Amino acid sequence: MKTIYRIIILGVLLTSSSCMKEVLDKKPLDIISSADLWSDASLIESYLAQTYYQSYVLTNDCTEDDIWGYSDAWFGQFVVNDMSDECKANWWNGPAMNKKYFGLNVDGGVLEWWEGSYQVIRMLNEFIAKVPESPIDEELKSYRTAEARFLRAFNYFSMVKRYGGVPLITYVQSLDEPDEALYPARNTEKEVYDFVIDEVDEILNDLPEATTDFGRPSRYAALALQSRAALYAASIAQFVSVQLEGVVGIDESLANEYYQISYDASKAIMDGPHDLYNVDADKVENFKNVFLVEDNIEVIFARKHDYTSRFSGGTGWSYDFFQAPSPCAWGGGNQDGVYLEMIEEFENIDGSSGKLDRVAIQQGLWTVDELFGQREPRFKASIYTQDDVWKGAVVDFHNGLVLPDGTIKLDASYEGVMAVGDQFTIKRGTGATSFGVMKYLDEGHDTMGPRASSGTDYIVFRYGEVLLNFAEAAFELGKPAEAMDAMNLLRDRAGVALLTSIDQQIIRHERKVELAFEGHRYWDVRRWRTGVETLGRTFSGLRFILDYTTRKYKMEVIDPIEGDFIPVFSEANYYLPITMVRTGNNPNLVENPGY
110 MKTIYRIIIL
120 GVLLTSSSCM
130 KEVLDKKPLD
140 IISSADLWSD
150 ASLIESYLAQ
160 TYYQSYVLTN
170 DCTEDDIWGY
180 SDAWFGQFVV
190 NDMSDECKAN
200 WWNGPAMNKK
210 YFGLNVDGGV
220 LEWWEGSYQV
230 IRMLNEFIAK
240 VPESPIDEEL
250 KSYRTAEARF
260 LRAFNYFSMV
270 KRYGGVPLIT
280 YVQSLDEPDE
290 ALYPARNTEK
300 EVYDFVIDEV
310 DEILNDLPEA
320 TTDFGRPSRY
330 AALALQSRAA
340 LYAASIAQFV
350 SVQLEGVVGI
360 DESLANEYYQ
370 ISYDASKAIM
380 DGPHDLYNVD
390 ADKVENFKNV
400 FLVEDNIEVI
410 FARKHDYTSR
420 FSGGTGWSYD
430 FFQAPSPCAW
440 GGGNQDGVYL
450 EMIEEFENID
460 GSSGKLDRVA
470 IQQGLWTVDE
480 LFGQREPRFK
490 ASIYTQDDVW
500 KGAVVDFHNG
510 LVLPDGTIKL
520 DASYEGVMAV
530 GDQFTIKRGT
540 GATSFGVMKY
550 LDEGHDTMGP
560 RASSGTDYIV
570 FRYGEVLLNF
580 AEAAFELGKP
590 AEAMDAMNLL
600 RDRAGVALLT
610 SIDQQIIRHE
620 RKVELAFEGH
630 RYWDVRRWRT
640 GVETLGRTFS
650 GLRFILDYTT
660 RKYKMEVIDP
670 IEGDFIPVFS
680 EANYYLPITM
690 VRTGNNPNLV
700 ENPGY
């Protein structure tokens with residue numbers, strides 16, 4: 110019996126007729142047979158496009174498009190950052206934040222990518238099996254098949270970094286197969302990482318050297334996936350014990366082998382056409398534009414968005430709507446409240462530490478420039494705070510007004526000066542850190558308009574990350590000079606003093622700053638196995654109290670910023686749980702340790 114595909118394809122199947130009989134003789138327009146699908150180039154393109162659309166992990170590890178809004182049309186792009194030590198969720202505290210504060214247990218429920226992934230993988234498996242036999246152009250056939258294999262590898266990488274070993278399914282299953290095929294056991298973590306790395310090697314020659322559509326993979330996008338995946342595998346081998354007969358963990362003797370693969374893939378990209386974006390004389394604007402100027406030289410692969418709402422047939426996402434400072438159509442803004450500890454990671458221009466003297470800053474009065482004016486340009490390009498200008502207005506987080514008699518007023522106003530600023534998180538009183546994320550924000554976008562209509566592309570792979578992957582791999586392979594050279598390319602572009610020495614912590618620090626709020630930090634501390642001390646702790650924020658007389662600020666460090674809610678991270682959480690539902694449905698799935 111032929112498989113029937115019901116696929117909505119706008120504009121492909123429009124026809125006209127001159128009489129009723131001709132209409133009645135036509136096949137239903139919403140039913141496409143297997144033969145029709147795999148013999149029509151337009152339908153094949155639409156089928157592949159659907160796998161991109163359903164691969165939510167292509168946007169900052171968004172997961173299933175469910176009622177909790179984990180897709181990029183809702184809050185999904187923020188969850189992985191809010192789960193890290195970079196920031197907290199300011200005005201959406203759904204199940205993900207419950208897991209952050211009360212612990213991730215065997216029920217799972219955050220950053221999941223299982224059912225959605227296998228749905229996409231099944232579609233890709235069918236595409237990979239059918240397209241080589243289709244009558245479309247041979248060159249296009251090879252490219253599209255390689256593209257599908259790239260997407261499949263990306264989805265498996267997104268799974269293995271979450272769960273460790275998962276069942277590797279690379280063909281289209283049918284219901285008449287034996288139970289061991291329909292209910293597969295988990296492959297080892299090594300086997301899944303090796304699959305991703307090997308897939309890249311096999312498809313490289315079928316992918317274009319360059320592309321004008323950065324939403325489709327080039328050869329360098331595949332190498333960037335290999336660079337990242339091999340680096341993760343190397344970390345697992347170096348820092349993680351093997352358990353469950355290799356279902357989780359990789360033998361430590363293989364660490365250097367994986368570091369070498371990451372090093373080689375990164376070097377191949379560095380020898381290619383991509384480079385750091387370095388166009389604007391103003392270092393702050395230059396770093397902002399890495400993320401705002403589409404298809405620039407640093408972009409290797411991106412998830413493309415337009416400025417039409419997802420709910421009106423477009424591919425917009427909700428980034429500006431939730432992340433930008435107030436005003437917002439829903440009265441919100443400042444979704445990610447950046448921790449003071451993250452602020453302190455940004456160095457001064459001269460390379461000195463950005464760590465504040467928390468006792469000293471709570472004495473006397475300060476301007477924002479006196480506090481942060483010497484920070485390196487990536488600070489202003491990545492962060493907004495008190496007195497920054499947004500859409501022609503001043504961002505105002507101040508919370509309290511020091512009157513001439515020294516008392517602090519907390520409501521209404523005094524001589525026309527409001528006691529509390531206009532930012533949503535201050536007015537709501539939910540523990541504002543007084544910092545937000547500037548990276549990716551498009552000041553020209555109307556946040557008073559439709560929600561899912563931000564049009565900035567999300568960069569999946571960029572050259573800056575490749576340099577950091579290279580530096581980490583080079584250092585672990587005993588090549589510190591090469592590592593430092595790569596790091597200094599980033600620091601030179603950033604406008605901060607160059608390094609004269611290097612160690613593991615310096616590399617990790619640079620990665621945290623350069624890739625801030627891009628969805629890397631949570632996975633990095635998990636693969637380095639530093640999450641227990643890094644994520645399972647309290648964090649702090651700043652309170653700006655405006656002095657009426659001087660218009661300077663009295664500063665108060667709020668520690669802990671989350672009150673009674675203390676982030677929790679246990680040894681078990683280095684892997685997400687398979688969950689009782691999945692192990693109940695498939696008795697051959699073994700649960701991860703600690704659950």
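Quick note: to get this note's numbering, add 109 to the position in the sequence shown (first position is 1). Just so you know, even glycine gets a beta-carbon here, dropped at the ideal spot from N, CA and C. Model, not experiment: these values are computed from the prediction.
Check, Outcome
"Between Arg467 and Ala681, what straight-line distance do the alpha-carbon atoms span, to the nearest angstrom?", "34 Å"
"Are there 16 or more other CB atoms within 10 angstroms of the CB of Arg660, so buried, or fewer, so exposed?", "exposed"
"From Asp191, Glu221, Lys250, Phe184, pick the residue whose C-alpha is nearest to that of Ala150; which is it?", "Lys250"
"Whole alpha helix (DSSP H) runs in the segment 471-514 with 4 or more residues, listed along the chain?", "477-481, 486-491"
"Would you give the residue range spanned by the beta strand (DSSP E) that Phe544 belongs to?", "544-546"
"Whose CA, out of Thr168, Asn697, Phe506, Glu485, lies closest to the CA of Glu665?", "Phe506"
"Return yes when the Cβ of Ala364 is within less than 8 Å of the Cβ of Ala343, no when it is not.", "yes"
"Kindly indicate which residue of Glu407, Asp181, Val229 has the alpha-carbon position closest to the one of Tyr156.", "Val229"
"Is there contact between the segment 440-451 and the segment 527-543, where contact requires at least three CB pairs shorter than 8 Å?", "yes"
"How big is the Cα-Cα spacing for Gly217 and Thr692?", "12 Å"
"What does the Cβ neighbour count give for Met557, buried or exposed, with the cut at 16 atoms within 10 Å?", "exposed"
"Excluding sequence positions up to five away, which residues of its chain have a Cβ less than 8 Å from the Cβ of Glu619?", "Leu577, Ala580, Met596, Leu599, Arg600"
"Is Ser461 buried or exposed, if buried means 16 or more other CB atoms sit within 10 Å of its CB?", "exposed"
"Measuring only the C-alpha atoms, how far is Asp612 from Glu574?", "18 Å"
"Here's the rule I'm using: 16 or more other beta-carbon atoms within 10 Å means buried, otherwise exposed. How should Thr565 be labelled?", "buried"
"Residue range of the beta strand (DSSP E) that Ile409 falls in?", "408-412"
"With a threshold of 16 other CB atoms inside 10 Å of the CB of Val388, please say whether the residue is buried or exposed.", "exposed"
"From what residue to what residue does the beta strand (DSSP E) around Leu655 run?", "650-656"
"Taking C-alpha atoms, which residue in Ile654, Asn694, Val281, Glu286 lies nearest to Gln472?", "Ile654"
"How is Leu133 classed by DSSP in three states: helix, strand or coil?", "Any reading at Leu133 must be qualified, since the residue scores a pLDDT of 31, below 50, and its modelled position is unreliable; the value itself is stated next. The answer is helix: DSSP assigns Leu133 an H, G or I state."
"Looking at the strands, I want to know which residues DSSP matches up with Glu665.", "Arg652"
"Determine, using beta carbons only, whether Leu586 and Gln369 come nearer to each other than 8 Å.", "yes"
"Judging by CA-CA distance, which residue of Lys270, Val269, Tyr657, Lys548 is the nearest neighbour of Asn508?", "Tyr657"
"Span of the alpha helix (DSSP H) holding Arg571?", "From DSSP, Arg571 is part of no alpha helix (DSSP H) but of the beta strand (DSSP E) over 567-571."
"Does the segment 258-265 come within contact of the segment 298-315, defined as at least 3 CB pairs closer than 8 Å?", "yes"
"Taking the alpha carbon of Ala592 as the point to measure from, which residue in Gln614, Ala603, Gly604 has its own alpha carbon closest?", "Gln614"
"Using a threshold of 7 Å, is the CB atom of Glu680 nearer than that to any non-hydrogen atom of the ligand GDP?", "Summarising the ligand content, the structure contains no ligands, and the ligand GDP is consequently not present."
"Return the CA-CA distance between Gly423 and Lys413, expressed in angstroms with no decimal places.", "11 Å"
"So, for Asn405: in the same chain, excluding its five sequence neighbours on each side, which residues have a beta-carbon less than 6 Å away from its beta-carbon?", "Tyr386"
"Applying the criterion that 16 or more other CB atoms from any shown protein chain within 10 Å of the CB defines a buried residue, is Glu354 buried or exposed?", "exposed"
"Would you decide whether Gln335 is buried or exposed? Buried here means 16 or more other CB atoms lie within 10 Å of its CB.", "buried"
"Tell me the DSSP secondary structure of Met214 in three-state form.", "A quick correction: the sequence has Asn, not Met, at residue 214. Reduced to three states, the DSSP call for Asn214 is coil."
"Cα-Cα, which of Leu698, Glu221, Asp415 is closest to Tyr567?", "Asp415"
"If you measure between the beta carbons of Arg487 and Gly463, is that distance less than 8 Å?", "no"
"Tell whether a beta-carbon distance below 8 Å holds between Leu313 and Ser327.", "no"
"Quick one: Cα of Leu220 to Cα of Met527, how far?", "41 Å"
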